[in-house]
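Peer 1:
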Amino acid sequence: RKGAQVYNLYSAFVDMTISVMDLRNGNEIYKQAFNNIKGIQLDFEKAGITALQAAGKKVEQIVPEIIKPLQQ
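Structure representation (structure tokens):
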């Protein structure tokens with residue numbers, strides 16, 4: 025979603041929820057929400073892309089946390 029525009033810099037925000045389900049029984053085994061992940065760029069579209077890239081980095085950081093219970 026669009027944020028503010030200040031001094032020719034535009035901000036955009038992303039909210040995301042990651043949910044991992046056990047398909048054998050339908051139980052949710054992991055859930056994490058991230059709100060207001062911010063991207064700043066020279067226009068709103070690029071700011072949105074930057075925010076999505078930041079969200080992707082958060083996913084990369086938590087993948088080991090998600091995989092650990094699946095390996096047990």
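Going by the numbering used here, the sequence shown opens with residue 25, and the numbers climb by one from there. C-beta: ideal position from N, C-alpha, C; glycine also.
Taking the straight line between their C-alpha atoms, what separation do you get for Q56 and V44?
Peer 2: 9 angstroms
Peer 1: Quick one: using the 10 Å Cβ neighbour count with 16 as the cut-off for buried, is G63 buried or exposed?
Peer 2: Around the CB of G63, 16 or more other CB atoms lie within 10 Å, so the residue is classed as buried.
Peer 1: Within the same chain, show all residues whose beta-carbon is closer than 7 angstroms to that of D46, passing over the 5 residues directly before and after it, in chain order.
Peer 2: I53
Peer 1: For G50, which of helix, strand or coil comes out of DSSP?
Peer 2: If DSSP states are grouped into helix, strand and coil, G50 belongs with coil.
Peer 1: Can you give me the Cβ contacts of A79 inside the same chain, cut-off strictly under 6 angstroms, excluding the 5 residues immediately before and after it?
Peer 2: V38, M40, I61
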